[in-house]
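Visitor: Once you know that position 26 of the sequence shown is 26 in full-length UniProt numbering, the rest is easy, because the numbers rise by one and skip nothing.
Glycine included, C-beta positions come from ideal geometry on N, C-alpha and C.
Quick caveat: nothing in here was measured; it's all calculated off a predicted structure.
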Amino acid sequence: MTEWPPPPPADNARIQAALLDPERLAAVQDTGLLDSIAEESFDRLTRLAAKITGAPVAFVSLLDAHRDFYKSTFGMDAPLSTLRQLTGRTFCHYSLVSDGPLVLEDATQLPVFRDVPTVASLGVRAYAGIPLKTEAGQVLGSFCAVDFKAKQWTEQDIDILQELAHSAMREIRLRRALHDAEALNQQLVQQLRKVDELNQALHELARTDPLTGLRNRRAFDDSLGLEIAAVERTRSPLSLLVLDLDHFKQINDSFGHDAGDKVLRSIAQVLSGCVRIIDIVARVGGEEFAVILPHTDAQGAHEVAQRMRAAVAQASWLSQPTTISIGAASLRTAETACSLYARADAALYAAKRSGRNRVVAG
Ligand SMILES: Nc1nc2c(ncn2[C@@H]2O[C@H](COP(=O)(O)OP(=O)(O)OP(=O)(O)O)[C@@H](O)[C@H]2O)c(=O)[nH]1
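1) Given that a residue counts as buried once 16 or more other Cβ atoms are within 10 Å of its Cβ, and exposed if not, what is Pro79?
2) By the three-class DSSP mapping on this structure, what secondary structure does Ala78 have?
3) Where Gln320 and Ser339 are concerned, what is the direct C-alpha to C-alpha distance, given to the nearest angstrom?
4) Please state whether the Cβ-Cβ distance between His62 and Gly137 is less than 7 Å.
5) Put Gly300 into one of helix, strand or coil per three-state DSSP.
6) Report buried or exposed for His93, applying the criterion of at least 16 other Cβ atoms within 10 angstroms of its Cβ.
7) Count Cβ pairs between the segment 318 to 337 and the segment 239 to 249 that sit closer than 8 Å; are there 3 or more?
8) State the CB to CB distance for the pair Leu331 and Ile267, rounded to an integer number of angstroms; the pair is presumed to be in contact (CB under 8 Å).
9) I need the straight-line Cα distance from Ala18 to Val139, nearest angstrom please.
10) Where Asp106 and Val124 are concerned, what is the direct C-alpha to C-alpha distance, given to the nearest angstrom?
11) Give every residue whose Cβ lies closer than 7 Å to any heavy atom of ligand 1, listed in chain order.
12) In the DSSP output, what is Ala329 paired with across the bridge?
13) So is His257 buried or exposed if we call it buried at 16+ other beta carbons inside 10 Å?
14) Could you tell me the alpha carbon to alpha carbon distance between Ala329 and Glu182, rounded to whole angstroms?
15) Restricting to Cα atoms, I'd like to know which of Asp196, Ser254, Ala168 is closest to Gly129.
16) Grouping DSSP H, G and I as helix and E and B as strand, with all else coil, what is residue 365?
17) Give the single residue among Ile37, Phe69, Asn252, Val281 whose Cα lies nearest to the Cα of Phe143.
18) From this set, Ile278, Phe289, Leu226, which residue's C-alpha is nearest Leu264's C-alpha?
19) On the premise that Leu161 lies in contact with Thr46, defined as a C-beta separation below 8 Å, what is that separation, rounded to the nearest angstrom?
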């Protein structure tokens with residue numbers, strides 16, 4: 001056809017330079033389509049191209065450094081489709097540097113083009129290729145139609161192929177945008193996970209006594225409420241110990257506040273070592289601790305309390321013995337957390353009044 005006379009064939013060096021241009025290759029990689037499977041959104045376009053132009057074959061090629069990758073093919077018979085990743089010089093390479101549609105009515109009649117391997121190997125004679133160009137001007141490959149006999153491409157054929165090439169480019173951009181959105185979404189999910197972890201850490205921090213690492217008063221109150229609620233379901237016993245160091249003021253006064261802190265930390269360790277994993281040890285005040293003992297009756301609570309009292313009394317603290325007094329109370333039917341605590345606290349003060357270093361049940 002006269003409207004699109006084939007341009008003088010580009011020399012090999014120019015094609016090679018364009019093929020290997022790093023920016024172009026980066027753009028091709030960036031599509032994320034190399035080696036991807038066939039997709040209906042592209043196949044629909046090649047099918048349409050063949051149907052409307054009457055060409056038996058249409059395809060979308062992406063030009064990698066050393067191969068043509070066909071994202072979509074229509075009308076290629078079995079042996080041809082095995083050439084899905086064609087190597088060697090192809091018409092699409094000429095299209096790459098053609099700066100517009102490359103339209104060949106009969107390649108066998110044209111110098112250089114007649115030497116393109118697919119002319120001899122597959123019998124290709126007519127070719128119309130529209131460069132697939134990014135907004136930045138990088139040519140990714142071509143949208144092509146091919147015939148095995150000479151073909152007079154009409155102006156409408158080329159218009160249609162250009163429209164379809166345009167749609168293919170839009171599809172490519174859409175893929176990229178989707179991919180970017182997925183990556184962003186992934187990042188967002190990771191950030192949210194981090195925020196969750198931080199929140200969790202903050203939550204833990206807000207419930208932890210910084211000096212001893214035990215639960216603090218707030219966490220203790222929550223735990224006691226939950227354990228009492230569980231008792232209402234399970235009807236199992238529950239006991240509470242409230243402990244206070246004896247004459248702790250003297251330790252502070254004699255050895256200093258830091259030494260007092262050290263004693264509090266050690267006491268926390270000793271107490272934690274006396275209980276089961278399900279028991280809850282908390283520091284509920286300056287030198288006051290409390291221990292929730294689920295599934296434990298008054299007898300069991302007394303045993304644990306005596307174990308704690310003896311363990312503290314036997315440990316070597318600074319240069320003087322340190323002891324604790326303990327009040328114990330076991331939950332009564334329909335009793336509130338407040339009442340249970342008050343009874344254990346009253347028992348603690350009874351223990352103090354009656355000489356310290358002892359356990360009193362409330
Ligand atoms: N080192 C240190 N001391 C604390 C802390 N919290 C409270 N205390 C001290 O604990 C002491 C408590 O004194 P008191 O309430 O008189 O009780 P006590 O000396 O233990 O005497 P009894 O309880 O009657 O046996 C005070 O000296 C407080 O300063 C703390 O976090 N670190």
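Guide: Taking the coordinates as given:
1) For Pro79, the pLDDT reaches just 43, beneath the cut-off of 50, and the residue's location in the model is therefore unreliable, although a value from the coordinates is still provided. So Pro79 counts as exposed.
2) Caution is warranted here: a pLDDT of 44 is assigned to Ala78, below 50, making its placement in the model unreliable, and no coordinate value can be reported.
3) The alpha-carbon atoms of Gln320 and Ser339 are separated by roughly 36 Å.
4) This sequence places Leu at residue 62; His is not what is there. The answer is no: Cβ separation not under 7 Å.
5) In the three-state reduction of the DSSP assignment, Gly300 falls in the helix class, which pools H, G and I.
6) Classification of His93: buried, given that the 10 Å Cβ count is 16 or more.
7) Proximity of the segment 318 to 337 to the segment 239 to 249 meets the contact definition, three or more beta-carbon pairs being nearer than 8 Å.
8) Between Leu331 and Ile267 a beta carbon distance of about 25 Å is seen, past the 8 Å cut, so the two are scored as non-contacting.
9) Rounded to the nearest angstrom, the two C-alpha atoms are 9 Å apart.
10) Computed Cα separation, rounded: 9 Å.
11) Here the list is Leu211, Asp244, Leu245, Asp246, His247, Phe248, Lys249, Gln250, Asn252, His257, Gly260, Asp261, Leu264, Gly286, Glu287, Ser325, Lys352, Arg356.
12) DSSP output for Ala329 lists Leu240 as bridge partner(s).
13) It counts as exposed.
14) Using only the alpha carbons, I get a separation of about 58 Å.
15) Taking Gly129 as reference, the option from Asp196, Ser254, Ala168 with the minimal CA-CA separation is Ala168.
16) No statement about residue 365 is possible, as the shown extent of the chain runs from 1 to 362 and does not include it.
17) For Phe143, the nearest C-alpha among the options comes from Phe69.
18) Of the listed residues, the one whose Cα sits closest to Leu264 is Phe289.
19) The pair is not a contact, with the Cβ atoms about 10 Å apart (cut-off 8 Å).
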